[in-house]
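J.:
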Amino acid sequence: MNPWTADGEHRVSCIPCGHVYGRSCLEKWLAQCGKKSATCPQCGKMFRQKNIINLYAPEIVVPNNDLEKQVLSLRDKNEFLENQQQKLIEEIKEYKRQILHQQRLINESSSKRQKMAEQSSDGAMIAESLPLHRAHGGSSDLCKFVLQNEFVLDGARVMGIDASSQIIVASGRAPGVSAEHVLTKICMFSRQETKVRLPPNTKAVRDICITPGGLAIFASLGRKLSLLRSACNICSRLVLFRGSNWPQPRICWITEWHAFGL
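Counting in my numbering, the sequence shown runs without a single skipped number right up to 1520 at its last residue.
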């Protein structure tokens, strides 16, 4: 069956069953059957040559099931992509909100550190000017300090202060029969107190220092050096100074921390 035309011998025609063909194709079909009647190639209903009717409609549209399926499939894909786009837009908004929140925290932390540096600088200037002020007969009551927080620690021996994170690390003993040596970490913001267990066989802590990276390094009896990671409260042993003539506590106050990767 060839595509029909609008006019001529192969113009569009239909038979009683309603199916549409080109007229010359129907006539050839009748000739092949060798009879005056033949069956419809699609539905099998009988028709005769006199039953062939020419169609003079200005436009004829034939349903295309494959095209309809393709349109439905494209519609589903479009709906899926729209949902994905909306989901991605929401995720981007959430990421932007988190970035702004983190930036705000960073700015607040930088502002606090700047204020602390300014206060430290002002305190140093006052301390330097105090002897001169007294020498000229001035009053020694230049400034007043107000107690804001008070922390009570039993058996504390040495401590270190992380000014940037507002954390105090102090050494002492845990309550109980064993009375093992521990570190007490105190947050000056929330006043939360945390006990940190030391590596096995750690004796009394002699000195503590906070590195610029926020790590607490401490020296204990037995020429042992340990490191506390404040973020996870995990202590690890660094060096064993056996047979060394270097004074043990002195190692805690090394300023070139980059040499140790700290």
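For each residue, glycine too, the CB sits at the ideal point set by N, CA and C.
1. Only counting the same chain, and skipping five residues up and downstream in sequence, which positions put a Cβ closer than 8 angstroms to that of residue 1449?
2. In whole angstroms, what is the alpha-carbon distance linking residue 1302 and residue 1332?
3. List, from N- to C-terminal side, the alpha helix (DSSP H) runs of 4 residues or more that fit wholly inside the region 1420 to 1497.
4. Could you tell me which residues DSSP pairs with residue 1350 in its beta bridges?
5. In three-state terms, what does DSSP make of residue 1289?
6. Starting from residue 1272, trace the beta strand (DSSP E) in both directions and tell me its first and last residue.
7. Going straight from the alpha carbon of residue 1346 to that of residue 1335, what length do you get?
8. Which value, in whole angstroms, describes the spacing of the CA atoms of residue 1298 and residue 1312?
9. Between the C-alpha atoms of residue 1364 and residue 1371, what's the straight-line distance to the nearest angstrom?
10. Is residue 1540 helix, strand or coil when you go by DSSP?
11. Would the beta-carbon of residue 1484 fall within 8 angstroms of that of residue 1452?
12. Can you list, in chain order, the residues of its chain with a C-beta nearer than 6 angstroms to that of residue 1300? Leave out the 5 residues immediately preceding and following it.
13. Quick check: residue 1466 and residue 1417, are their CB atoms within less than 8 angstroms of each other?
14. Terminal residues of the continuous beta strand (DSSP E) containing residue 1297?
15. So what's residue 1312 in DSSP terms, helix, strand or just coil?
T.: Reading it off the structure:
1. As a position in the sequence shown, residue 1449 is number 191, starting the count at 1. Excluding residues within five positions, the ones whose Cβ falls inside 8 angstroms are 1407, 1409.
2. Numbered from its first residue, the sequence shown carries residue 1302 at position 44. Numbered from its first residue, the sequence shown carries residue 1332 at position 74. Going from the Cα of residue 1302 to the Cα of residue 1332 covers about 35 angstroms.
3. Qualifying alpha helix (DSSP H) stretches: none in this window.
4. On the sequence shown, position 92 is the one that residue 1350 refers to. DSSP, once it has assigned bridges, lists no residue as partnering residue 1350.
5. Here residue 1289 refers to the residue found at position 31 when the sequence shown is read from its first residue. Residue 1289 falls in the helix class under three-state DSSP.
6. Numbered from 1 along the sequence shown, position 14 holds the residue referred to as residue 1272. Counting along the chain, the unbroken beta strand (DSSP E) around residue 1272 starts and ends at 1270 to 1272.
7. Locating residue 1346 in the sequence shown gives position 88, where the first residue counts as 1. Locating residue 1335 in the sequence shown gives position 77, where the first residue counts as 1. Each residue's alpha carbon lies about 16 angstroms from the other.
8. Taking the sequence shown and counting its residues from 1, one reaches residue 1298 at position 40. Taking the sequence shown and counting its residues from 1, one reaches residue 1312 at position 54. Distance from the CA atom of residue 1298 to the CA atom of residue 1312, rounded to whole angstroms, is 16 angstroms.
9. Taking the first residue of the sequence shown as 1, we reach residue 1364 at position 106. Taking the first residue of the sequence shown as 1, we reach residue 1371 at position 113. CA-CA distance, residue 1364 to residue 1371, rounds to 11 angstroms.
10. The first residue shown for the chain is 1259 and the last is 1520, placing residue 1540 beyond what the model contains.
11. For the purposes of this step, residue 1484 is identified with residue 226 of the sequence shown, where counting begins at 1. For the purposes of this step, residue 1452 is identified with residue 194 of the sequence shown, where counting begins at 1. Not closer than 8 angstroms, so no.
12. The count along the sequence shown starts at 1 and reaches residue 1300 at position 42. Cβ neighbours of residue 1300 beyond the five flanking positions: 1277.
13. Stepping through the sequence shown from its first residue, residue 1466 is reached at position 208. Stepping through the sequence shown from its first residue, residue 1417 is reached at position 159. Residue 1417 sits close to residue 1466, with the two beta carbons spaced by under 8 angstroms.
14. For the purposes of this step, residue 1297 is taken as residue 39 along the sequence shown, with counting starting at 1. From DSSP, the beta strand (DSSP E) with residue 1297 extends over 1295 to 1297.
15. Position 54 of the sequence shown holds residue 1312. Strand, per DSSP.
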